[in-house]
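Chemist:
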Amino acid sequence: MQSAGVPSYLEVLNPEQRRAVLHSGRPLLILAGAGSGKTRVITTKIAWLIREKGIDPRSILAVTFTNKAAREMAERARLIDERAGDAMLRTFHSFGAWFLRRNGRLAGLDSGFVIYDDDDAISLLSSILDDAPKAEVKKFAHGISRAKDYFLSPDSPDLVLIDGREKFRECYALYEEKMARIGNVDFGDLIKKPVEILRQEPEVARRFRERFSVIMVDEYQDANVAQFELLKALTGPDTYVCVVGDDDQSIYRFRGAEVKNILEFPDRFSDTDIIRLERNYRSTAPILKAASSVVNHNRGRLGKTLNAERGAGKIPVLVFLPNQDEEASFCAELIENSARGSDAAGGKGGKAGQARWSDWAVLYRTNAQSLGFETEFLRRGIPYRVVGSLKFYEREEIKDALALLAFLVNPRDEVAFRRVVNKPVRGVGAASVDRVIEQFEILDGDLIEAAKNAGLSAKAQAGIKAFFEVIENGRALLDQAGDGSGASGADNDDLAAADSVPALPASANKGGGSGKGKRRRAVKEPHELVSGEGLSVCVERLLRDSGIAEYHQAGDEVSGNQRLYNLQELVNAASLYPLGREGLLDFLEHIELDRSLAEPAADGAAERDADNAVTLITFHNTKGLEFRRVIMTGLEQGVFPRADKKDYELEEERRLFYVGATRAMDELYLSSCEMRRMYGRTEISAPSLFLREIDKSCLRIIGDVPYGFGAFDGAAVNHGGQIRQGGANALEEKAGWRRGERVFHDDHGYGAVMEVRDSDDGPVVRVRFETGEELRFYSDFQGSAFEKIGQDY
DNA sequence: TAGTTTTAAGTTTTT
DNA sequence: CTTAAAACTA
1211 MQSAGVPSYL
1221 EVLNPEQRRA
1231 VLHSGRPLLI
1241 LAGAGSGKTR
1251 VITTKIAWLI
1261 REKGIDPRSI
1271 LAVTFTNKAA
1281 REMAERARLI
1291 DERAGDAMLR
1301 TFHSFGAWFL
1311 RRNGRLAGLD
1321 SGFVIYDDDD
1331 AISLLSSILD
1341 DAPKAEVKKF
1351 AHGISRAKDY
1361 FLSPDSPDLV
1371 LIDGREKFRE
1381 CYALYEEKMA
1391 RIGNVDFGDL
1401 IKKPVEILRQ
1411 EPEVARRFRE
1421 RFSVIMVDEY
1431 QDANVAQFEL
1441 LKALTGPDTY
1451 VCVVGDDDQS
1461 IYRFRGAEVK
1471 NILEFPDRFS
1481 DTDIIRLERN
1491 YRSTAPILKA
1501 ASSVVNHNRG
1511 RLGKTLNAER
1521 GAGKIPVLVF
1531 LPNQDEEASF
1541 CAELIENSAR
1551 GSDAAGGKGG
1561 KAGQARWSDW
1571 AVLYRTNAQS
1581 LGFETEFLRR
1591 GIPYRVVGSL
1601 KFYEREEIKD
1611 ALALLAFLVN
1621 PRDEVAFRRV
1631 VNKPVRGVGA
1641 ASVDRVIEQF
1651 EILDGDLIEA
1661 AKNAGLSAKA
1671 QAGIKAFFEV
1681 IENGRALLDQ
1691 AGDGSGASGA
1701 DNDDLAAADS
1711 VPALPASANK
1721 GGGSGKGKRR
1731 RAVKEPHELV
1741 SGEGLSVCVE
1751 RLLRDSGIAE
1761 YHQAGDEVSG
1771 NQRLYNLQEL
1781 VNAASLYPLG
1791 REGLLDFLEH
1801 IELDRSLAEP
1811 AADGAAERDA
1821 DNAVTLITFH
1831 NTKGLEFRRV
1841 IMTGLEQGVF
1851 PRADKKDYEL
1861 EEERRLFYVG
1871 ATRAMDELYL
1881 SSCEMRRMYG
1891 RTEISAPSLF
1901 LREIDKSCLR
1911 IIGDVPYGFG
1921 AFDGAAVNHG
1931 GQIRQGGANA
1941 LEEKAGWRRG
1951 ERVFHDDHGY
1961 GAVMEVRDSD
1971 DGPVVRVRFE
1981 TGEELRFYSD
1991 FQGSAFEKIG
2001 QDY
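In the numbering used here, the protein residues as written are 1211 to 2003.
(1) By how many angstroms is the C-alpha of residue 1968 removed from the C-alpha of residue 1501?
(2) Going by alpha carbons, who is nearest to residue 1187 out of 1960, 1335, 1845 and 1603?
(3) Exposed or buried, what is residue 1379 when buried is set at 16 or more other beta-carbons lying within 10 Å of its beta-carbon?
(4) Less than 7 Å separating the beta-carbons of residue 1440 and residue 1401?
(5) Could you tell me whether the region 1626-1638 touches the region 1662-1675, using the rule of 3 or more Cβ pairs below 8 Å?
(6) Would you identify the three-state DSSP class for residue 1354, choosing helix, strand or coil?
(7) Rounded C-beta distance between residue 1438 and residue 1271? I'm assuming under 8 Å.
(8) Compare the beta carbon distance of residue 1865 and residue 1458 with 7 Å and say whether it is the shorter of the two.
(9) So what's residue 1504 in DSSP terms, helix, strand or just coil?
(10) Considering residue 1314, what are the terminal residues of the alpha helix (DSSP H) in which it resides?
(11) Assuming the contact rule is C-beta atoms closer than 8 Å, residue 1489 and residue 1519 should be a hit. Round their C-beta distance to whole Å, please.
(12) Nearest by alpha-carbon distance to residue 1753: which of 1613, 1348 and 1658 is it?
(13) If we count the other Cβ atoms within 10 Å of its Cβ and call it buried at 16 or more, is residue 1362 buried or exposed?
(14) Please return the same chain residues whose Cβ sits closer than 6 Å to the Cβ of residue 1838, not counting the five positions on each side in sequence.
(15) Taking only three categories from DSSP, how would you classify residue 1439?
(16) Determine the closest residue to residue 1665 out of 1343, 1655, 1678 and 1647, with distance taken between C-alpha atoms.
(17) Out of curiosity, what's the CA-to-CA distance linking residue 1376 and residue 1388?
(18) Which first and last residues belong to the beta strand (DSSP E) in which residue 1912 is found?
(19) Per DSSP, what kind of secondary structure is residue 1830 in: helix, strand or coil?
(20) If you draw a straight line from the alpha carbon of residue 1239 to that of residue 1513, how long is it in whole angstroms?
(21) Tell me the DSSP bridge mates of residue 1283?
(22) For residue 1522 versus residue 1548, is the C-beta distance shorter than 7 Å?
(23) Any heavy atom of the ligand SAH inside 6 Å of the beta-carbon of residue 1890?
(24) According to DSSP, residue 1242 sits in a beta bridge with which residue or residues?
(25) Is the beta carbon of residue 1880 sitting closer than 7 Å to the one on residue 1840?
(26) What first and last residue would you give for the alpha helix (DSSP H) that runs through residue 1205?
(27) So, is residue 1677 buried or exposed, given that buried needs 16 or more other C-beta atoms within 10 angstroms?
(28) Around the C-beta of residue 1283, are 16 or more other C-beta atoms found within 10 angstroms, so that it is buried, or is it exposed?
(29) So the beta strand (DSSP E) residue 1328 belongs to, where does it begin and stop?
(30) Starting from residue 1837, follow the beta strand (DSSP E) in both directions and report where the run begins and ends.
(31) If we ignore side chains and look at the alpha-carbon of each, how far apart do residue 1858 and residue 1617 end up?
(32) Please state the DSSP three-state secondary structure of residue 1186.
(33) Per DSSP, what kind of secondary structure is residue 1570 in: helix, strand or coil?
(34) Express the C-alpha separation of residue 1683 and residue 1734 in angstroms, rounding to a whole number.
(35) Does the separation of the CB atoms of residue 1680 and residue 1746 fall below 7 Å?
(36) Can you tell me the Cβ-Cβ gap for residue 1959 and residue 1978, rounded? I've got them flagged as a contact below 8 Å.
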């Protein structure tokens, strides 16, 4: 291999990576295992195309799945070549929104549309399905969302694959009709509509194919059918297509991701070249082996062998614990022992081998599990940061504020209207609102007109007038700002601007808490909203005039919420956007598309050094991240994997396990609890199936190995753990339960006692239910949920 | 009809 | 156990 003339930024690549970067011509599929440097390949490739191939940066489109990935990619590409900043790096959805602002008109969509989130979609649906229970509405909403993921319209024959009921089809059609009248879009539309436009308008398709000569897709295994169609629609004969993915890391099937997209890519794009990146630079060998041995149990996979370039390292540790409280304190202690003092040391000057708080991540399956860790870490003063659980934009007061803003830009927004027209109470009750909506559906105008013709009572009329005045004032404020940003930008389909995606300020997330209430907050209770610059003037004015601010402030005083404070944060966030219609649209779009941001580290100690904190995070959210030391918690049947489900669902859980384990660079810990409180009940759970599947040569076990856990019963794998053996029969009296006895359980129905055993904590009763599932419980602890029905089986 | 109390239900994972 | 929906009262 010749090294003469190879630019230095290519020298750091291994041969496969370099081959991927230098590849050109035919479509390319890069199968990149975990930790194999795929981001480096993409960013380097962007730089190389610009530098060596003379490609105009603006004709490069790189799509990712998350905003975080998009930002990181842009940053890293710019480090190699400044000009990469002009390339378009976006998420699929953000690209779709950008497309529709310019070309949506061709699908009857005004450029001033607002993006509906799932909640808004549900609100819309429940106005269609008038008296359906909420759960039912949710099911339909979910179905519609899936249908759009699979690029299915109400008249598609394949719609039955999502939901066979005719009512579903009707409901979907009505939903689309209503959405069209309102003039907004949901998440699915951001992908589906662009494809439809590109297919129906050859001229638009031609322009886009001309504009983008290179298209790259990251995390391709997570793309759904509609996204694949979008990729195809954007691709002409001369477009260079390069996708990167790892079938073992496909964890979003539940929301339409199709592994088939990656498996069948070579069939759909002819003459595809495939390059495999199988050198892992992140984890040590035992960690990688443990992770691989689990995912190897999956059948539907391409299969690959990752090689650990870092070589040998610490063996992963599996610890069995009695319950979740012990699990939390075990994690806390483990972390404390290694990192205590690292904050004071400021990251440097610590002893060799001294870990920083930020080296650690605690992983769990569901957000609810973070609570126990938060409580324990707070108690011990361990700085931590919770990723992803924050639902700032789902808070009632924030949704109210956003509805107000949405109605400002789109006076046909029925969902927003419903939400805020009578908040605070203006005497406009449900009956009046329905009448307005009814009129709105007859007239082809907006809700303001409809209200005039709805024949309302004097009281309602006065109330609604007051509401519209607030809206009018807000709109006047926007219009008078003059809008230097060019309101026409939406009308022409100027493809030149590659407008970057600014992140919302982190401050927008402060004070969120996670609905857990106990979080400390250094902020004083605010007594009024204060506006700053730009758009915040309008937001503040609107919140004040509408009475929303006052309404929530009153609530704060009663129940000690921080709603006014949260509204203030929203006002602050708005100050980064220019005052005007365009600025407002931009603000709303960013909020809808990028709402999952990390919460600032909790705990006083961390504020000095905000980056040095333990990460608490769900398995799903870890994708694309890495940590020196990882603890995977809650490895129990029913928690992870979540429940005994179908094969393919189990395979997805297994991939999730793989994703989590491969985040670890140096040390990996796995914890499994014997008892766990769930729904207020304490139940005994069996160790996760996945623990059994780990290659035993790369596991050290600590704690009491639960009885009956076959794989670990043999002494050969028992390093320091003790296996509990129990007698059998004389226990029955002590336990108060005997074999064969019939049982009824509120949640699980009828069953029979299969076995009574002894343990350190008293007799254990094993029950098998008619459903086939089994439960165990301590007789002197937990018998209350189990009711004797006094007969033998 | 608004605001209260009582009862039921439910917890993945996310753009 | 926590939250949302239904039921009820003033």
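Beta carbons: idealized from backbone N, C-alpha and C, even for Gly.
Modeler: The answer reads as follows:
(1) Pairing residue 1501 with residue 1968, the inter-Cα distance amounts to about 34 Å.
(2) Because the chain is modelled from 1211 through 2003, residue 1187 falls outside the range shown and cannot be assessed.
(3) Looking at its Cβ environment, which holds 16 or more other Cβ atoms inside 10 Å, residue 1379 is buried.
(4) Result yes, Cβ atoms of residue 1440 and residue 1401 sit closer than 7 Å.
(5) Segment contact: the region 1626-1638 against the region 1662-1675, three or more CB-CB distances shorter than 8 Å; contact assigned.
(6) In this structure, residue 1354 counts as helix in the three-state DSSP scheme.
(7) Here residue 1438 is actually not in contact with residue 1271; their C-beta atoms are around 15 Å apart, not less than 8 Å.
(8) Their beta carbons are under 7 Å apart, which means residue 1865 touches residue 1458 by this criterion.
(9) In the structure shown, residue 1504 sits in a helix (DSSP, three-state: H, G or I).
(10) Per DSSP, residue 1314 lies in no alpha helix (DSSP H) and is assigned neither H nor E.
(11) That belief holds up - the Cβ atoms of residue 1489 and residue 1519 are roughly 5 Å apart, short of 8 Å.
(12) The shortest C-alpha separation from residue 1753 is found at 1613.
(13) Around the beta-carbon of residue 1362, 16 or more other beta-carbon atoms lie within 10 Å, marking it buried.
(14) Closer than 6 Å at the Cβ level, and outside the excluded window around residue 1838, lie 1569, 1875 and 1876.
(15) Residue 1439: helix per DSSP, three-state reduction.
(16) Checking every option, the nearest Cα to that of residue 1665 belongs to 1647.
(17) Straight-line Cα distance between these residues: approximately 18 Å.
(18) Its beta strand (DSSP E) spans residues 1910-1912.
(19) If DSSP states are grouped into helix, strand and coil, residue 1830 belongs with the helices.
(20) Put simply, the backbone Cα of residue 1239 is about 15 Å away from that of residue 1513.
(21) According to the DSSP secondary-structure assignment, residue 1283 is paired through a beta bridge with no residue.
(22) No, the pair does not count as a contact, with Cβ atoms beyond the cut-off.
(23) You won't find the ligand SAH in this model; it holds no ligand whatsoever.
(24) Under DSSP, the beta-bridge partners assigned to residue 1242 are 1487.
(25) No, the pair does not count as a contact, with Cβ atoms beyond the cut-off.
(26) As shown, the chain starts at 1211 and ends at 2003. That puts residue 1205 outside it, with no answer to give.
(27) Looking at its Cβ environment, which holds 16 or more other Cβ atoms inside 10 Å, residue 1677 is buried.
(28) Counting Cβ neighbours within 10 Å, residue 1283 comes out buried, since at least 16 surround it.
(29) From DSSP, residue 1328 is part of no beta strand (DSSP E) but of the alpha helix (DSSP H) over 1328-1338.
(30) Per DSSP, residue 1837 is one residue of the beta strand (DSSP E) stretching across 1837-1842.
(31) Computed Cα separation, rounded: 43 Å.
(32) Outside the displayed range of the chain (1211 to 2003) lies residue 1186, so it cannot be described from this structure.
(33) Strand.
(34) Its pLDDT being 49, under 50, residue 1734 is placed unreliably in this model, and the value from its coordinates should be taken loosely. Taking the straight line joining both Cα atoms gives about 31 Å.
(35) Between residue 1680 and residue 1746, the CB-CB gap reaches or exceeds 7 Å.
(36) With 8 Å as the limit, residue 1959 and residue 1978 do not qualify as a contact, their Cβ atoms being about 11 Å apart.
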